[in-house]
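**Q** In order, the protein sequence lines correspond to chains E and L. Take 16 as the starting number for the first sequence in the working numbering and just add one per residue. Take 16 as the starting number for the second sequence in the working numbering and just add one per residue. Starting off with a structure, shown below.
2 protein chains.
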Amino acid sequence: MRVGVDVGGTKILAVAVDEGGSVVATVRRATGWGADAVVDGICAAVETVSQGRRPDAIGVGVPGQVAPRGIVRHALNLGIDSLDLAAAVEDRIGARPVVENDVRAAAVGVSALLPEVASLAYLNVGTGVAAGIAQGGMPWRGARGAAGEIGHVSVDPAGPVCPCGQRGCIEALAGGDAVAARWGQAATLPVAEVFEAADAGDPLALSVRADLVRGVAAAVQLLVLTTDVERVVLGGGVANLGERLRRPVRTALRAAASGSVFLASLDLADRVVPVPSDAPIGALGAALLAGAPAAAVPGM
Amino acid sequence: MRVGVDVGGTKILAVAVDEGGSVVATVRRATGWGADAVVDGICAAVETVSQGRRPDAIGVGVPGQVAPRGIVRHALNLGIDSLDLAAAVEDRIGARPVVENDVRAAAVGVSALLPEVASLAYLNVGTGVAAGIAQGGMPWRGARGAAGEIGHVSVDPAGPVCPCGQRGCIEALAGGDAVAARWGQAATLPVAEVFEAADAGDPLALSVRADLVRGVAAAVQLLVLTTDVERVVLGGGVANLGERLRRPVRTALRAAASGSVFLASLDLADRVVPVPSDAPIGALGAALLAGAPAAAVPGM
Numbered sequence: 016m017r018v019g020v021d022v023g024g025t026k027i028l029a030v031a032v033d034e035g036g037s038v039v040a041t042v043r044r045a046t047g048w049g050a051d052a053v054v055d056g057i058c059a060a061v062e063t064v065s066q067g068r069r070p071d072a073i074g075v076g077v078p079g080q081v082a083p084r085g086i087v088r089h090a091l092n093l094g095i096d097s098l099d100l101a102a103a104v105e106d107r108i109g110a111r112p113v114v115e116n117d118v119r120a121a122a123v124g125v126s127a128l129l130p131e132v133a134s135l136a137y138l139n140v141g142t143g144v145a146a147g148i149a150q151g152g153m154p155w156r157g158a159r160g161a162a163g164e165i166g167h168v169s170v171d172p173a174g175p176v177c178p179c180g181q182r183g184c185i186e187a188l189a190g191g192d193a194v195a196a197r198w199g200q201a202a203t204l205p206v207a208e209v210f211e212a213a214d215a216g217d218p219l220a221l222s223v224r225a226d227l228v229r230g231v232a233a234a235v236q237l238l239v240l241t242t243d244v245e246r247v248v249l250g251g252g253v254a255n256l257g258e259r260l261r262r263p264v265r266t267a268l269r270a271a272a273s274g275s276v277f278l279a280s281l282d283l284a285d286r287v288v289p290v291p292s293d294a295p296i297g298a299l300g301a302a303l304l305a306g307a308p309a310a311a312v313p314g315m
Numbered sequence: 016m017r018v019g020v021d022v023g024g025t026k027i028l029a030v031a032v033d034e035g036g037s038v039v040a041t042v043r044r045a046t047g048w049g050a051d052a053v054v055d056g057i058c059a060a061v062e063t064v065s066q067g068r069r070p071d072a073i074g075v076g077v078p079g080q081v082a083p084r085g086i087v088r089h090a091l092n093l094g095i096d097s098l099d100l101a102a103a104v105e106d107r108i109g110a111r112p113v114v115e116n117d118v119r120a121a122a123v124g125v126s127a128l129l130p131e132v133a134s135l136a137y138l139n140v141g142t143g144v145a146a147g148i149a150q151g152g153m154p155w156r157g158a159r160g161a162a163g164e165i166g167h168v169s170v171d172p173a174g175p176v177c178p179c180g181q182r183g184c185i186e187a188l189a190g191g192d193a194v195a196a197r198w199g200q201a202a203t204l205p206v207a208e209v210f211e212a213a214d215a216g217d218p219l220a221l222s223v224r225a226d227l228v229r230g231v232a233a234a235v236q237l238l239v240l241t242t243d244v245e246r247v248v249l250g251g252g253v254a255n256l257g258e259r260l261r262r263p264v265r266t267a268l269r270a271a272a273s274g275s276v277f278l279a280s281l282d283l284a285d286r287v288v289p290v291p292s293d294a295p296i297g298a299l300g301a302a303l304l305a306g307a308p309a310a311a312v313p314g315m
């Protein structure tokens, strides 16, 4: 049995996965704030989901930059600036986990749900925007674990200002935080409210929605033109809009391809698919990574 | 002995490579127009460079889209719309070559010259703009052999119109053909002339040069943020400007990073390097690919 843990800004989700890769137990708990509370939460979730057995391997998916040996940096929404997470968990429970960036872990989880797809990018459109790239079920990490950090590619020098200092970053166009800030109204689900207001003709909402759609379309285009993955799997909080988001994204991609034999030949629009189920892809991917031989992981 | 052939728009360059990976013979000839002439030229170059010996393997790098089995499409500057190049060469000389996109082959050649670099993108800024991504000396091809085709990622919706129908494609900003068209004056080396006129304060040249620099900087940024390669190696005709191009590109990347802890941590500017020698990287890479076991090539 392998255990996978997905550490989110609000909840920690842990799963136990059997030999065949199926999820056999799930535990959910609130995420604490700061390094100690996060480590506590991870260890408690691992112990609960293991139900008294000792896991063969443990994987943890966590936001922020993850260096190869399990050091987490810039996980700002967890209150962590820098933490040797692998060592901290090992100190507590006597087993060293594999630690991976959460979006990259989710890409591995999605790959397991789409075994017929040899290469994919999991495009997470949540409060921020980032992608995990996987081939043959294994993640592409890059030299410093930064592969897939496309949220800060600028696609419009006259676009909205991004907190990173650039203008027109994909995240400034399509990230949930950026959309909520531009919408400026207190709302439980600001992105859904923007879409409804846009349907009703509100000019600000139309502008914010158009930017969101072109930001996601730009992300798909640059992922495919750079890595030529077979599928771009849209997930994350903003992507919960489902076809209301995917349909205009596909339309934008088809419009761009309409003038170009080259772009048309790449079928960008048809590569955009939703997460195929409501499986806990982040935790599942972390568990699968924990069981993978390190030598099989490209870019590690 | 392996033979590698680089088929360019004006010349065909063939090399013979010994067991140790060193170039032991080189042949150069003019490229003919159309499928028959191109196949003739490749076969003649292979025979001449082999000097009567039978090569153990033959690799050919060619512009255009290359499908896994050696079918070349859209090699417009060779006068080829679609050609089964591997079969055509095999029919003529009795040995089946490995065929690869020329930029991707060059990425493999550059990798051989930089053995200490685990992953790199070879960014070819010539008449067009494209990149070849290599890890551990092997090329990343993608699902349809389109990986690295970043020339048609749009980074400015208000930028110059690209023949592909979009605006602000990297190729429309930084490709040699686009620069020459915008400069509009007959010149042997239009890009060099633009840089000189810009130094002299010519307003059009300043604008065209600024776009060229931001196009290349955008290419570097999106390559690193998407794939996190250790190095982006600048090559191609436009990149022959050397430090006159690399210096302002690095300045633009440092400016973008100055407001962002995240971007600054990625050291984009320091990843930009020139091709390390005047070695025939395209032909060398084609020869090395020809000797590589297919199973070792990711994304094939």
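We put the beta carbon where it would ideally sit given N, CA and C, even for glycine.
Between Gln200 of chain E and chain L, is any beta-carbon pair separated by less than 7 angstroms?
**A** no
**Q** Please report the residue range of the beta strand (DSSP E) in which Thr41 of chain E lies.
**A** 38-45
**Q** Hey, would you say Gly124 of chain E sits closer than 7 angstroms to Leu299 of chain E, going by beta carbons?
**A** Against a cut-off of 7 angstroms, the Cβ pair of Leu299 of chain E and Gly124 of chain E comes out as a contact.
**Q** Which residues in the same chain as Arg17 of chain L place their Cβ atom closer than 8 angstroms to its Cβ, once the five residues preceding and following it in sequence are excluded?
**A** Ala31, Val32, Pro70, Asp71, Ala72, Ile73, Gly74, Ala302, Leu303, Ala305, Gly306
**Q** Under 8 angstroms Cβ to Cβ from Gly13 of chain E, same chain only, skipping five residues before and after it: list those, please.
**A** Residue 13 of chain E is absent from the model: chain E starts at 16 and stops at 315.
**Q** Let's test the definition: count the other Cβ atoms within 10 Å of the Cβ of Trp198 of chain E and tell me whether it reaches 16, buried, or not, exposed.
**A** When all chains shown are included, Trp198 of chain E counts as buried.
**Q** Starting from Asp99 of chain L and walking both ways along the beta strand (DSSP E), at which residues does that stretch end?
**A** In this chain, the beta strand (DSSP E) harbouring Asp99 of chain L covers 95-99.
**Q** Under the three-state reduction of DSSP, which class applies to Cys184 of chain L: helix, strand or coil?
**A** strand
**Q** May I ask you to report which of helix, strand or coil DSSP gives Ser126 of chain L?
**A** helix
**Q** State buried or exposed for Asp243 of chain E, treating a residue as buried only when at least 16 other CB atoms are found within 10 Å of its CB.
**A** Label assigned to Asp243 of chain E: buried.
**Q** Please name the residue or residues paired with Ile86 of chain L in a DSSP beta bridge.
**A** According to DSSP, Ile86 of chain L bridges with L:Asp99.
**Q** Please determine if the segment 216-224 of chain L and the segment 133-148 of chain E are in contact, where contact requires at least 3 C-beta pairs separated by less than 8 angstroms.
**A** no
**Q** What does Glu164 of chain E touch in chain L if you count any residue whose Cβ is under 7 angstroms from its own?
**A** Leu240
**Q** What residues from chain E crowd round Ser126 of chain L, counting only those whose CB sits closer than 8 angstroms?
**A** For Ser126 of chain L, there are no C-beta contacts with chain E under 8 angstroms, since the nearest C-beta of that chain is about 14 angstroms from it.
**Q** Between Ala225 of chain L and chain E, is there a C-beta pair that is closer than 7 angstroms?
**A** no
**Q** Just mark Thr266 of chain L as buried or exposed, buried being the case when its beta carbon has 16 or more other beta carbons within 10 Å.
**A** exposed
**Q** For Gly274 of chain E, would you say it is in contact with chain L, using Cβ-to-Cβ distances shorter than 7 angstroms as the test?
**A** Taking Cβ atoms only, chain L reaches closer than 7 angstroms to Gly274 of chain E, which makes this a yes.
**Q** With which residues is Gly190 of chain L paired in a DSSP beta bridge?
**A** Per DSSP, none; premise fails for Gly190 of chain L.
**Q** Relative to the C-alpha of Asn139 of chain L, which residue among L:Val194, L:Ala90, L:Leu249 is closest?
**A** L:Leu249
**Q** Grab me the residues of Thr25 of chain E's own chain with a C-beta within less than 8 angstroms of its C-beta, minus the 5 sequence neighbours each way, in chain order.
**A** Ala45, Thr46
**Q** Write down every uninterrupted run of the alpha helix (DSSP H) in the segment 107-161 of chain E whose length is 4 residues or greater and which is fully enclosed by it, in chain order.
**A** 117-128
**Q** Could you check what DSSP says for Arg229 of chain L in three-state terms: helix, strand or coil?
**A** Collapsing the DSSP output to three states places Arg229 of chain L in a helix.
**Q** Compare the beta carbon distance of Gly274 of chain L and Gly180 of chain E with 7 angstroms and say whether it is the shorter of the two.
**A** yes
**Q** For Arg68 of chain E, which of helix, strand or coil comes out of DSSP?
**A** coil
**Q** Strictly below 9 angstroms CB to CB, what residues from chain E border Asp285 of chain L?
**A** Correct list: empty, because the minimum Cβ distance to chain E is about 12 angstroms.
**Q** Which two residues bound the contiguous alpha helix (DSSP H) that contains Leu304 of chain L?
**A** Per DSSP, Leu304 of chain L belongs to the alpha helix (DSSP H) from 296-306.
**Q** Under 7 angstroms between beta-carbons, which chain E residues line up against Phe5 of chain L? List them in chain order, please.
**A** This structure cannot settle anything about residue 5 of chain L, because the visible part of chain L is limited to 16 through 315.
**Q** Please report whether the beta-carbon of Ser292 of chain E lies at a distance below 7 angstroms from any beta-carbon of chain L.
**A** no
**Q** Under DSSP, the beta strand (DSSP E) around Val21 of chain L begins and ends at which residues?
**A** It is Asp, not Val, that sits at residue 21 of chain L in the sequence shown. First-last of the beta strand (DSSP E) with Asp21 of chain L: 17-22.
**Q** If contact is defined by three or more beta carbon pairs under 8 angstroms, each pair taking one atom from either stretch, is the segment 186-197 of chain L in contact with the segment 222-236 of chain L?
**A** yes
**Q** What residues match up with Gln80 of chain E in a beta bridge as DSSP calls it?
**A** E:Arg88
**Q** Answer with yes or no whether the minimum CB distance from Ala311 of chain L to chain E is below 7 angstroms.
**A** Reliability fails at Ala311 of chain L, whose pLDDT of 42 lies under 50, so the model's placement of it is uncertain and the value that follows must be treated cautiously. It does not; no Cβ of chain E falls within 7 angstroms.
**Q** Which complete beta strand (DSSP E) runs does the segment 192-278 of chain L hold, if anything under 3 residues is left out?
**A** 246-250
**Q** Count the other C-beta atoms from every protein chain shown that fall within 10 angstroms of the C-beta of Leu39 of chain E, then say buried if there are 16 or more, exposed otherwise.
**A** The residue you asked about is not Leu; residue 39 of chain E is Val in the sequence shown. That one is exposed.
**Q** In the DSSP assignment, what are the bridge partners of Pro289 of chain E?
**A** Paired residues: E:Leu249.
**Q** Closest to Leu237 of chain E by C-alpha separation, out of E:Gly49, E:Val104, E:Val113, E:Val170, would be which residue?
**A** E:Val170
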